[in-house]
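Here's the structure we're looking at; comments come further down.
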Amino acid sequence: MNLARNIVAEGIGRPAGYHYRTPIFNGISRVAVAPAPSPFTHFTRWVTEAVKQGVAEPNAMVLATASSTGMPSSRIVLLHSFSESGFIFFTDRESRKYWEIAENPKASLLFYWKETQQQIRIEGKLVPLSAESVAARLKEAVESMSAESGDVLYANLCLTEMFNERARQWAKGKNVTSSRWCAFELTPERFEFWEGQANGASDRKFYSRTPAGWNATDKTV
């Protein structure tokens, strides 16, 4: 705490002329985070707005995994698509994250959008997917279009378009240059939606999976 106070008071690590900047939200309405029917609906609303607001790479997310001994590691990966089933991304079978997932399938995702001052944390379990399963998940997202007023379809199309051609061709079942390419889906157990305010305060909404469905609360779960 003393070190933290000194850093703030003395400006340690700040460039010359640095001043704290209050976040600017470009006219985005800021109200308390409202509950949604499900965390997937909540995620869809936010990622769709992020795309519309021109957020740079809204599908970029931090994937955190851990080895069987509990040693954590994290890296940026790209979200390929999402549905009520979970969140899909691609990776290399010879990567560190692949072997950590094989040892310990529990993982977390983190989205942070500076432009809209929003952060989403998702915790759950990873399962490997075949190309056919990826196509089925995308079909599920398209078929849910009417229930979500098109937002799920819109968001998934935007995210998929941002992803590279190799992944898109793989998802269609076509050959790619390396057989090491594979897909995983994170099945969520918990969500946290964080939203900053212009006055420095923040709002949070938590969702946890229960046998009866999703439970929403303003407290950590």
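Start counting the sequence shown at 73; every next residue gets the next number (this note's numbering).
Cβ coordinates follow ideal geometry from the N, Cα and C atoms, glycine included.
Predicted model, so just to flag it, every value in this text is computed and none were measured.
One Cα belongs to residue 191, the other to residue 159, and the distance between them is close to 16 Å. When rounded, the separation of the alpha-carbon atoms in residue 208 and residue 149 is 22 Å. Under DSSP, residue 133 forms a beta bridge with 149. For residue 162, the closest of 203, 282, 279, 284 by C-alpha to C-alpha distance is 203. Looking at the backbone, the Cα of residue 178 and that of residue 113 are separated by about 23 Å. Under the three-state reduction of DSSP, residue 117 is assigned to helix. Taking 9 Å as the cut-off, the Cβ atoms of residue 205 and residue 255 count as close.
Inter-residue distance for residue 157 and residue 259 is about 6 Å (C-alpha atoms, whole angstroms). Take the alpha-carbon of residue 172 and the one of residue 154: they are about 22 Å apart. Nearest to residue 198 by C-alpha distance, out of 279, 184, 175, 130, is 175. If you look at residue 174, you'll find it in the alpha helix (DSSP H) that goes 168-175. Assigned with DSSP and collapsed to three states, residue 280 falls in strand. Proximity of the segment 132-146 to the segment 109-124 falls short of the contact definition, fewer than three beta-carbon pairs being nearer than 8 Å. In the DSSP assignment, the residues bridged to residue 285 are 282.
Within the model, the alpha-carbon separation for residue 274 versus residue 183 is close to 16 Å.
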